[in-house]
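Q: Below you will find the structure I want to go over with you.
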Amino acid sequence: MRLDKIIQTIMPHDEHFYALFNDAARNIQAASALLTQLPAASPEARVTIVQQINDLEHAGDSVTHTIFNELSRTFVTPFDPEDIHLLASALDDILDNIDGASRRFALYKIGVCPSGVGELAGTLDQAARELAQGIALLKGFKQPDRLREIIRKVNEYENEADVIFARSVADLFENEMDPIAVIKMKEVLVMLETATDKCEDVADVLDTIMLKHA
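The sequence shown maps to residues 2 to 215 in my numbering.
The following block contains the structure:
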């Protein structure tokens, strides 16, 4: 057994990180659920949804800053400090891209959305739900098989999002005659697809943490 793992096992450490990561994951899950409502929402409802997502993004930033502050003053952490930093950053990236996609709905006054937007938002929401469950399993590392299954599912959702994105962009170029509308909608699609990429980044960090504690 590695010396650092022995130290982490026998010495008391700050478990506040687990609660903070759960908070971060819940913010993401709430934001992704709201995002799925945007494509079919009325213009008035979209304003409210976009603001709610933006509020969650600010709350997520606060959680991330708290994690970094805790990390700077905690001697023994529940798992490697570099992995704590990577996990916090990756979770923050998901929420940033969800917020970026939603704000473009308002800024660009998006009208009727192609089906791919709703499909991508739905795939992202499924990945976010899996990640929230995976984050909850970090404490104690008692269900490695369940965590591996979650990681596998998140990777599958990311692959699914790649396919939806490619098809949606091709359909956009084929069927949308207004070049400005193409640019606007492609930006929304890119932000959604990037958010699913960031979900996979979180899954990769979880995989690394799990391997170190196997």
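The beta-carbon is built from N, C-alpha and C at its ideal position, and this holds for glycine as well.
(1) Just curious, the alpha helix (DSSP H) that GLU175 is in, first and last residue?
(2) In the DSSP assignment, the alpha helix (DSSP H) including LYS213 goes from what residue to what residue?
(3) Excluding the 5 residues preceding and the 5 following ALA196 in the sequence, name in chain order all residues of the same chain whose CB lies nearer than 6 Å to its CB.
(4) According to DSSP, is ALA122 helix, strand or coil?
(5) Report all residues from its chain with a CB closer than 8 Å to the CB of ALA137; omit the five preceding and five following residues, and keep chain order.
(6) Can you tell me which of the three DSSP states HIS17 falls into?
(7) Leaving aside the five residues before and after LEU88 along the sequence, list all residues of the same chain whose C-beta is less than 6 Å from its C-beta, in chain order.
(8) Output the distance between the C-alpha atoms of ALA32 and GLN134, rounded to the nearest integer angstrom.
(9) Starting from GLY141 and walking both ways along the alpha helix (DSSP H), at which residues does that stretch end?
(10) Run the CB neighbour count on ASP5, radius 10 Å, all protein chains shown included, and call it buried at 16 or more, exposed below.
(11) If the criterion is Cβ atoms closer than 9 Å, does the pair THR37 and GLY119 meet it?
A: Let's see:
(1) Sequence index remark: in the sequence shown, residue 175 carries index 174 (1-based). Element bounds for GLU175: 145-176.
(2) Taking the first residue of the sequence shown as 1, we reach residue 213 at position 212. LYS213 -> alpha helix (DSSP H) spans 180-213.
(3) On the sequence shown, position 195 is the one that residue 196 refers to. Here the set comprises ILE95, ASN98, ILE99 and LEU125.
(4) Within the sequence shown, residue 122 is the residue found at index 121, counting from 1. Correct three-state label for ALA122: helix.
(5) Taking the first residue of the sequence shown as position 1, residue 137 is located at position 136. Correct list, in chain order: ASN23 and ALA26.
(6) Your numbering for residue 17 matches position 16 in the sequence shown. Look at HIS17 here: in three-state DSSP terms it is helix.
(7) Your numbering for residue 88 matches position 87 in the sequence shown. Excluding residues within five positions, the ones whose Cβ falls inside 6 Å are VAL206.
(8) Locating residue 32 in the sequence shown gives position 31, where the first residue counts as 1. Locating residue 134 in the sequence shown gives position 133, where the first residue counts as 1. Each residue's alpha carbon lies about 16 Å from the other.
(9) Reading the sequence shown from its first residue, position 140 is the one you call residue 141. That residue, GLY141, is in no alpha helix (DSSP H); it is neither H nor E in DSSP.
(10) Counted from its first residue, the sequence shown places residue 5 at position 4. Caution applies to ASP5, whose pLDDT of 48 falls short of 50 and renders its modelled position unreliable; the value that the coordinates give is listed next. So ASP5 counts as exposed.
(11) In the sequence shown, residue 37 corresponds to position 36, counting from 1. In the sequence shown, residue 119 corresponds to position 118, counting from 1. A distance below 9 Å separates the beta carbons of THR37 and GLY119.
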